[in-house]
Structures are given as C-alpha cells and as structure tokens.
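Chemist: Encoded as structure tokens, here's the structure I'll be asking about.
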Amino acid sequence: MPTGDDDDGVPNAPAAGYGSGTTRVSFRTGSGSGDSPQDRTQPLSREDCPAAGGPGEPGGVEGGAPGGEERTRVLRRPAPPPGTAAGPGRGSGPPGPPGSGGARRPRRFRPRRIVALVLLLVLAAPPATWVWVWYTARADERPASDAILVLGASQYNGRPSPIFEERLAHAEELYREGVAPAVITVGGNQPGDNFTEGGAGRDWLVEQGVPAADVVAVEEGGDTLQSVAAVADVFGRRDWSSVVLVTDPWHSLRSREMAEDHGMEAATSPTRSGPAVIERETQVWYITRETASLWHYWLFGDSSDIEVDAA
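Going by UniProt numbering, the letters in the sequence shown line up with residues 1 to 311, in that order.
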C-alpha cells in the first residue's frame, strides 16, 4: 500500500513553514483502474482524499488506482495582516461585526461636543417657544368639558374692560353651543376696588341671559397662577376634571400649562377680536412677552408678566 514516500522509499520531509494553518492534500493522477477523465475533472473532497484528514485516516494516503502518480498539494492559510487579533498592532483586540474590517477603536469622550450641544439647545429653545406660543394662539379647541373658565382682566367699578368683555362674550358663545354646562369667572381686585374681576364677569354674563345657576364666580386671584389654583379647588369640590380656557390668544399656552400642572384637562379657545389681536405689532409684542413669561414660570414657578420691548 503506498504510504506517501518517494520512489526511493524515503519519507517525504515536511515543507518549510508547515504547521498550524497548513493542510496537506494528496491526490493521484495517471491511468489506473477507476481513473477516468470524468474522475479527474471532479472537485476533490476530504472523503476523496484521506490524506487531507478523511474520516479515520488522518494524514494517510489510501485508495487510488495502482501505479498512479501521487502528488501532494499544500494549502496554506494566509497570514493575518499586521494589527489584527493574531498579533500586536493598532487594531488588536476583539473583532468587530462581520464586514467591519476588524476591531473598532472606542470613541473617546469629547467634552467640547457636549458643551456645543448644550449651547445649541439653549440658543434654540427661546425661538422654538416663541413659535409654540404663536401656534397655540391659533388653535381653537372646543371639546365637551365640565366647565368654561374665563380668566379675569381689568374691570372698572364693576364693568369689564374691553379685553375682559371680549373674553366673556366668547365664553357665552361656547356656553350656548353646549361646550360645557357651566361658566367660571375668576379674578380678585386691586387695593381700593369695590368690585372683583370674578364678580364683574358673573354679572355681565347674567345680564346677557346666561342663567345665574350656571355661572360660578371665583372672586380671588391676583394673577393667572393664583386664579388657576383657586379654580382647581372648585374643581376638586365639584369633582370636575376638564375645562376650556378662554383668554387672549397669546396667553393661551401659559394658561394651559398652569391648568395642567394643577391637574385639569385643559383645552384652549381664545378670543379672535378685541384690542389684543388688532395690530400685527401688538401681536409680536404679546408673543414675545408671553415667551419670556412662560420661561419664567418654568424656571421659577411663579406667574410674573415679564415686560419686554419687541419694537
């Protein structure tokens, strides 16, 4: 039986560099029994070549036609490129995902990028809020609710100011449309006043034919936040939860934020006429002021109206 020796009987010496990563594959050529052109053109497999590690015959040479010529092909595994896991280098370490070309360098923490991102957000926040105030001012939401809340404004000896009267007229319209079965007027008074904003608003609605039983006057609150807090107490006693806020367009977003912070499901239906919405210059001034006041509320939790010069 051939053993893989040369013709002189001396075993073949391993070629230089043989070892791990190298496979010897023996095959025969020539004419012998069972050797045909079809056989010579078929691809080799480990079962065909026991010398390549066939089952049960590691390293041996067996089979083949007698008298054939034995040749040995050496299949070498290519050496790993420098810097891979097989040797030291820049890319040594655990391999990356398939197709990534090796391990990736971990990204270093860059404080300057974080600082730049924070500055970008700080600079973009006020303009974004300005647009949000403007967008909310244009919305008119009229969902069925427990009550309609008219936020107070100035009154003079029991008579609502033009801005306050526009709010009350809009609330009356919502009431007659069936948006809610009750209207709440809210607002206290200034030192020396004999009337309150809440009381003046209630009297005006009753004069317009709204049943007195459907009007609730909350006669306290010196600013929006105090007024919303007082109304939240009324909602708690009456087991109400939803409200439609009536105020000036530019005041809608801040009022809604405060109402929601006090546990109310708030929608906004602002006025569409009156001194607060006549001129474009006036609108820009109100939006800018409300943007500053809203950020003041978010940061400090109070209801100061920030004075700004939008001209």
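Built from N, CA and C at the ideal position, the CB exists for glycine as well.
When you compare each of Gly192, Asp146, Ser241 and Ile114 to leucine 174 by their alpha carbons, which one comes out closest?
Modeler: Checking every option, the nearest Cα to that of leucine 174 belongs to Asp146.
Chemist: Check the Cβ-Cβ distances between serine 269 and every residue of chain D, and say whether any is below 8 angstroms.
Modeler: You won't find chain D in this structure, because it holds only one protein chain.
Chemist: Measuring CB atoms only, is the region 213-232 touching the region 193-205, in the sense that at least three cross pairs come out at less than 8 angstroms?
Modeler: Judged by Cβ distances under 8 angstroms, the region 213-232 makes contact with the region 193-205, as three or more pairs qualify.
Chemist: Quick check on tyrosine 297: does DSSP put it in helix, strand or coil?
Modeler: Here tyrosine 297 sits in helix by DSSP.
Chemist: Go ahead and pull the three-state DSSP assignment for proline 160.
Modeler: The answer is strand: DSSP assigns proline 160 an E or B state.
Chemist: Would glycine 152 and glycine 187 be called neighbours here (beta carbons separated by less than 8 angstroms)?
Modeler: In this structure, glycine 187 lies closer than 8 angstroms to glycine 152 by Cβ.
Chemist: Just to confirm the assignment, what range does the beta strand (DSSP E) spanning glutamate 197 have?
Modeler: Counting along the chain, glutamate 197 falls outside any beta strand (DSSP E), though it belongs to the alpha helix (DSSP H) covering 197-207.
Chemist: Does the separation of the CB atoms of threonine 247 and arginine 167 fall below 8 angstroms?
Modeler: In contact: threonine 247 and arginine 167 (Cβ atoms closer than 8 angstroms).
Chemist: Go ahead and pull the three-state DSSP assignment for arginine 268.
Modeler: Contrary to the premise, residue 268 reads as threonine rather than arginine in this sequence. Threonine 268: strand per DSSP, three-state reduction.
Chemist: Looking at the unbroken alpha helix (DSSP H) that takes in alanine 137, where does it start and where does it end?
Modeler: Element bounds for alanine 137: 111-138.
Chemist: Report the residue from Ala217, Val244, Asp302 and Ile114 whose alpha carbon sits nearest the alpha carbon of arginine 142.
Modeler: With distances taken between Cα atoms, arginine 142 lies closest to Val244.
Chemist: Out of curiosity, what's the CA-to-CA distance linking tryptophan 285 and alanine 180?
Modeler: The alpha-carbon atoms of tryptophan 285 and alanine 180 are separated by roughly 32 angstroms.
Chemist: According to DSSP, leucine 253 sits in a beta bridge with which residue or residues?
Modeler: Paired residues: none, contrary to the question.
Chemist: Could you name the residues of the same chain whose beta carbon sits closer than 7 angstroms to that of glutamate 219, not counting the 5 residues immediately before and after it, in chain order?
Modeler: Excluding sequence neighbours, glutamate 219 sits near Gly188, Thr196, Gly198 and Gly199.
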